[in-house]
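Presented below is the structure to which this report refers.
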Amino acid sequence: MDKVVASAAEAVADVADGSSLAVGGFGVCGVPEVLIEALLEQGATDLEVASNNCGVDGFGLGRLLAAHRIRRVTASYVGQNKEFARQYLAGELEVELTPQGTLAERLRCGGMGIPAFYTASGVGTLVAEGGIPWRYGPDGEVLVASPPKVTESFATRDGVREFVREHAIVSDFGLVRAWKGDRHGNLVYRRAAQNFNPVCAMSGSVTVAEVEELVEPGELDPDQVHTPGVFVHRVVPLTAEQAAAKRIEKVTVRPRPAGGEAR
Numbered sequence: 001m002d003k004v005v006a007s008a009a010e011a012v013a014d015v016a017d018g019s020s021l022a023v024g025g026f027g028v029c030g031v032p033e034v035l036i037e038a039l040l041e042q043g044a045t046d047l048e049v050a051s052n053n054c055g056v057d058g059f060g061l062g063r064l065l066a067a068h069r070i071r072r073v074t075a076s077y078v079g080q081n082k083e084f085a086r087q088y089l090a091g092e093l094e095v096e097l098t099p100q101g102t103l104a105e106r107l108r109c110g111g112m113g114i115p116a117f118y119t120a121s122g123v124g125t126l127v128a129e130g131g132i133p134w135r136y137g138p139d140g141e142v143l144v145a146s147p148p149k150v151t152e153s154f155a156t157r158d159g160v161r162e163f164v165r166e167h168a169i170v171s172d173f174g175l176v177r178a179w180k181g182d183r184h185g186n187l188v189y190r191r192a193a194q195n196f197n198p199v200c201a202m203s204g205s206v207t208v209a210e211v212e213e214l215v216e217p218g219e220l221d222p223d224q225v226h227t228p229g230v231f232v233h234r235v236v237p238l239t240a241e242q243a244a245a246k247r248i249e250k251v252t253v254r255p256r257p258a259g260g261e262a263r
């Protein structure tokens, strides 16, 4: 039951070329950056990644992207990453854009053994009709486009509505970051880190969690646990320095009043 491993390097040692990853994080919050750095040093390539966003330039998944180690990305937000845009438009990267709530549900269903579900998001758009460019050629031609998806009408309290069928995401590995975790793999996330880490942990066939604070079994209030240990296979305790490293995505400051002192 003790799932603690000695290092991040050991935790990702068996990630092979071509592996699929579900990676937690929301912007720069709750990103398993220590595991990503270990994966960068480990050398696995041709990776397929499902994540809300693909990091930013020089941080998180952006580090793997810059090293050309990612072949395909399924994400809902790809802004603030110039290298991501460059690789996509140059035909170096395959990208499946997915509505944010749909992506979260696809990951959750992957962990719950639900192969597919219906949603109203994307009905009447290219999401359902197909044709969204997934991969470009070197001259800007579309080499791979999204296929059309099955749609079906269902009776709802608002009348008969059309829904689109989406498939679950089951990944080879889930990489997440938690605020607290115990040796059994029970995890607690803090604030915005709760957005995608829980569902990425569920999606992974093997889930690895880096935790800012490791506690002993029984110390976590069961009512506060976001990810039960049944979904987690390896736990990597962070050092105090690693746990304290927090990024600010956009620094916004109030202009200093004329003649006033900085606050």
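Here the sequence shown is numbered in the UniProt record's numbering, starting from 1 and rising by one per residue. Here a beta-carbon is modelled for each residue, glycine too, at the ideal position from N, C-alpha and C.
Can you find the residues in the same chain that come closer than 6 Å, C-beta to C-beta, to residue i, ignoring five residues on each side of it along the sequence?
i: residue 151; result: 128, 162, 164
i: residue 73; result: 49, 54, 95
i: residue 207; result: 174, 201, 231, 232, 233
i: residue 88; result: 95
From the DSSP secondary-structure annotation, give me the bridge partner or partners of residue i.
i: residue 82; result: Paired residue(s): none; residue 82 is not in a bridge.
i: residue 237; result: 211
i: residue 136; result: 142
i: residue 328; result: Within the shown structure, residues of the chain are numbered from 1 to 263, placing residue 328 beyond reach of any answer.
Nearest CA to the CA of residue i: which residue from the options?
i: residue 213; options: 102, 228, 185, 201; result: 185
i: residue 9; options: 38, 27, 15, 19; result: 38
i: residue 192; options: 174, 226, 130; result: 226
i: residue 35; options: 157, 178, 160; result: 178
i: residue 24; options: 175, 237, 62, 255; result: 175
i: residue 93; options: 60, 124, 106, 140; result: 140
i: residue 11; options: 254, 218, 232, 253; result: 232
i: residue 209; options: 117, 32, 17; result: 32
i: residue 287; options: 241, 15, 243, 170; result: As displayed, the chain neither begins before 1 nor continues past 263, which places residue 287 out of reach and without an answer.
i: residue 6; options: 257, 67, 238; result: 238
Considering residue i, what are the terminal residues of the beta strand (DSSP E) in which it resides?
i: residue 127; result: Looking at the DSSP string, residue 127 is not in any beta strand (DSSP E); the run it does join, the alpha helix (DSSP H), is 126-129.
i: residue 21; result: 20-23
Taking Cβ to Cβ, would you say residue i is nearer than 7 Å to residue j?
i: residue 183; j: residue 2; result: yes
i: residue 173; j: residue 21; result: yes
i: residue 83; j: residue 65; result: yes
i: residue 249; j: residue 78; result: no
i: residue 18; j: residue 91; result: no
i: residue 144; j: residue 134; result: yes
i: residue 168; j: residue 228; result: no
Give me, in chain order, the residues of the same chain whose beta-carbon lies closer than 7 Å to that of residue i; leave out the 5 immediate sequence neighbours on both sides.
i: residue 108; result: 199, 202
i: residue 147; result: 130
i: residue 101; result: 121
From what residue to what residue does the alpha helix (DSSP H) around residue i run?
i: residue 299; result: Because the chain in this structure spans residues 1 to 263, residue 299 falls outside the shown range and cannot be described.
Comparing the C-beta of residue i with each C-beta of chain D, is any distance below 7 Å?
i: residue 71; result: In summary, chain D is missing from the structure at hand, where a single protein chain is found.
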